[in-house]
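In my numbering, the protein residues as written are -10 to 315.
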């Protein structure tokens, strides 16, 4: 996965639809799918299929929900050769096996299951390549393509129920780099009294708001719609903390573009000034992009990554005289 690169020419198999793949985003309460033409990248209109799903349900119920979404997205259309699925971790992405356990109950009934094989059986798509990816990596691939980025060293963040992060060098995903965290992500890095994930996710807003007001918070969207000094202070503190955490990493990685997505990014107007103020001391200017179409980026990224693997697989197969068209 770390070798994925935007662009490139490939041969087209006569019996396949060139560039067409399916992208899925599996979340805690829903699954979303879209057919993606990876040869277009920018400018395409995605027809999203979004179905509710109970991630606390049994393995068979969850598989049925995901399989149903796949079938609905492909109903009446061209068959696809690859399906890329963004799935939350812990997860064995290479082998398609769920490793989620003791993290709140979501998807725990799937622990140890070969989800790729289960989905092939449930959909009847036995000849289709099912591949699984970290959703932050999918976001990076999709955001880089959709925004037409040309940055040399790019840091991507998804701010939501967790603190997602990924990195690119010259348009290529990198998971190991001397200037990056050993685990290839920011979430577990120390910050203040805990780790980064505790400060740059929705949990921090819930906890901070309750401490400040004694009241429970429904969500960050609700908080962003409030107008009070206390709320302004909470978002300012969030932006300042984020900048303080990122500054040494951006400096070390020599980042020239920072792309921020996720639900919290929709409230960027409330924390941008504080974040910008913290980043002013960087030796080199970093262009900051707030992405308001995170889901589309994830879907396009998942489909693109799967397409890349599908092309590599096809090129590795023994060739027949009639297999490829010019």
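Glycine included, every Cβ here is placed at the ideal spot set by N, Cα and C.
As the structure is a computational prediction, the values presented were derived from the model and not from experiment.
Report task. Could you tell me whether the Cβ atoms of residue 69 and residue 11 are closer together than 7 Å? Result -> yes
Report task. Would you check if the distance between the CB atom of residue 85 and the CB atom of residue 64 is smaller than 7 Å? Result -> no
Requested in this report: Specify, as a first and last residue, the run of the alpha helix (DSSP H) that residue 59 falls within.
Outcome: 48 to 63
Report task. Per DSSP, which residues does residue 179 bridge with? Please list them. Result -> 184
Query raised in the report: What span of residues does the alpha helix (DSSP H) with residue 257 cover, start to end?
Result: 257 to 268
**Report entry** Nearest-angstrom beta carbon gap, residue 285 and residue 118 [assumed within contact, 8 Å]
**Finding:** That belief does not hold up - the Cβ atoms of residue 118 and residue 285 are roughly 22 Å apart, past 8 Å.
Query raised in the report: Is it true that the CB of residue 45 sits closer than 7 Å to the CB of residue 94?
Result: yes
Query raised in the report: Are the beta-carbon atoms of residue 147 and residue 157 separated by less than 7 Å?
Result: no
Requested in this report: Give the range of the beta strand (DSSP E) segment to which residue 338 is assigned.
Outcome: Only positions -10 to 315 of the chain appear in the structure, and residue 338 is not among them; the question remains open.
Query - Contact under 7 Å by Cβ, residue 154 with residue 126 - result: no
Query raised in the report: Under the rule that 16 or more other beta-carbon atoms within 10 Å means buried, what is residue 237, buried or exposed?
Result: exposed
Query raised in the report: Measuring CB to CB, does residue 14 end up less than 7 Å from residue 264?
Result: no
Query raised in the report: Which residues in the same chain as residue 191 place their Cβ atom closer than 8 Å to its Cβ, once the five residues preceding and following it in sequence are excluded?
Result: 149, 150, 208, 209, 252 and 253
Query raised in the report: Under a three-way DSSP split, which group does residue 276 fall into?
Result: strand
**Report entry** The alpha helix (DSSP H) enclosing residue 112, as first and last residue numbers
**Finding:** 104 to 112
Query - Residue range of the unbroken beta strand (DSSP E) whose run includes residue 250 - result: 246 to 250
Query raised in the report: For residue 225, which residues of its own chain have a beta-carbon under 7 Å away from its beta-carbon, when the five flanking residues on both sides are left out?
Result: 260 and 263
Requested in this report: May I ask you to report which of helix, strand or coil DSSP gives residue 296?
Outcome: helix
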